[in-house]
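First residue of the sequence shown: 1, per the numbering used here; consecutive thereafter. We treat Cβ as the ideally placed atom computed from N, Cα and C, and that holds for glycine. Given the structure is predicted, the values throughout are model-derived calculations rather than measurements.
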Amino acid sequence: VNFYAEKLFMSTRNLNLICQSILQQSVSEIIETRKLIEAKNLLLTTTKTISEIGFELGYQDKAYFTNVFKKKAGMTPSEFRNEIQKLISE
């Protein structure tokens, strides 16, 4: 959050207030949503391992990445990749 606030020349508090008032989400929630979108994209378009994708997105621990992904997407990254591959092959 600090990184983005600095790039926009504002405090983290002001950035959060703006995001909350316009999008009804905190900056952290917006970042996590964007990371989920990117994770799904990487799962669909690459053969990278779950660990590699998690690391690329800033998660140091595969288990933590898997838990965050499952909480947001309703399934693990592996399940997501398998489901999409099934749909494509039908």
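Residue range P77 to S89 is occupied by the alpha helix (DSSP H) that includes S89. Taken through DSSP and simplified to helix, strand or coil, L8 comes out as coil. When secondary structure is reduced to three states using DSSP, T46 falls in the coil class, being assigned neither helix nor strand.
I53 sits close to L43, with the two beta carbons spaced by under 9 Å. Collapsing the DSSP output to three states places Y59 in coil. Cβ contact annotation for Q20 (same chain, cutoff 7 Å, sequence separation greater than five): S26, in chain order.
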